[in-house]
Amino acid sequence: MTEPPAPPLTIVRPGEGDEGYLGSIGVAFKLWGADTNGAVSVVEHPFPVGALVPPHLHTREDEYSIVTGGEIGFRSGDREVVLGAGGYITKPRGELHTMWNAGPVPARMIEIISPAGFEHFFRELAEMLADGPPSTEDAIPTLAAKYGLQFGNPTGCPTSSHGMA
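Those letters in the sequence shown? Residues 102 to 266, per this note's numbering, in order.
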């Protein structure tokens with residue numbers, strides 16, 4: 102009897118994966134939806150000192166973050182926490198959230214996105230910003246709408262990386 106072929110195996114070694122810049126933080130692509138039959142995608146985000154991700158919500162996916170270095174502040178809805186290396190947090194779809202480097206040194210986190218697909222927003226944004234600011238004012242909002250991403254600025258979300266407004 103013949104054994105069935107092994108399923109595809111994706112291997113990403115430390116330091117491997119394409120990288121880009123998203124405006125305030127970076128992105129390193131580790132697993133694409135094509136690697137997981139669309140179940141999840143995985144990226145890493147380096148957070149330079151002072152980095153702040155604008156408040157936003159996802160309409161199509163949930164995110165799960167694992168801090169791997171430094172300290173990252175998270176606000177989701179009216180809940181806020183600062184996590185160091187080894188801390189985990191869920192960010193459910195439909196809830197406005199933001200993140201920032203909450204410490205004096207660069208920080209980093211792994212982001213698991215479920216279902217996959219939003220990694221393509223990161224790729225397109227990084228490509229758009231690679232040569233400088235977008236050529237039109239509505240370029241980023243148009244791209245965000247394509248991926249079901251909505252921006253907002255709720256009361257209490259940080260306006261700087263040094264604390265709450």
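No residue lacks a Cβ here, since even glycine has one placed at the ideal position from N, Cα and C. Computed from a predicted model, the values in this text were never measured in an experiment.
Anyone know if the C-beta pair for residue i and residue j falls short of 8 Å?
i: H146; j: G249; result: no
i: V144; j: A208; result: no
i: V182; j: I190; result: yes
i: F219; j: S142; result: yes
i: K131; j: G118; result: yes
Taking its Cβ as the centre, do 16 or more other Cβ atoms sit within 10 Å of residue i, making it buried, or is it exposed?
i: V113; result: exposed
i: H263; result: Its pLDDT being 39, under 50, H263 is placed unreliably by the model, and nothing is read from it.
i: S236; result: exposed
i: T111; result: exposed
i: F252; result: exposed
i: K247; result: exposed
i: T103; result: exposed
i: A152; result: buried
i: T260; result: Per-residue confidence for T260 stands at a pLDDT of 46, beneath the threshold of 50, marking its modelled position as unreliable; no derived number is given.
Is any beta-carbon of chain D found at less than 8 Å from that of residue i?
i: E120; result: Chain labels in this structure do not include chain D; a single protein chain is all it has.
Can you tell which of the options has the C-alpha that lies nearest to the C-alpha of residue i?
i: L197; options: G178, A186, A152; result: G178
i: L244; options: R194, T137, G118, L123; result: L123
Would you mind giving the Cβ-Cβ distance between residue i and residue j, rounded to the nearest angstrom? I have them listed as a contact below 8 Å.
i: G121; j: V128; result: 5 Å
i: R154; j: W201; result: What sits at residue 154 in the sequence shown is Val, not Arg. Contact holds; Cβ gap of about 7 Å.
i: I173; j: M210; result: 6 Å
- Message: Is it the case that the region 195 to 208 contacts the region 217 to 230, given that we only count it when at least three CB pairs across the two stretches are under 8 Å?
- Response: Taking one beta carbon from each stretch, the region 217 to 230 and the region 195 to 208 have fewer than 3 pairs nearer than 8 Å; the two do not touch.
- Query: Are three or more beta carbon pairs between the region 209 to 217 and the region 161 to 181 nearer than 8 Å?
  - Reply: Yes, the region 209 to 217 is in contact with the region 161 to 181.
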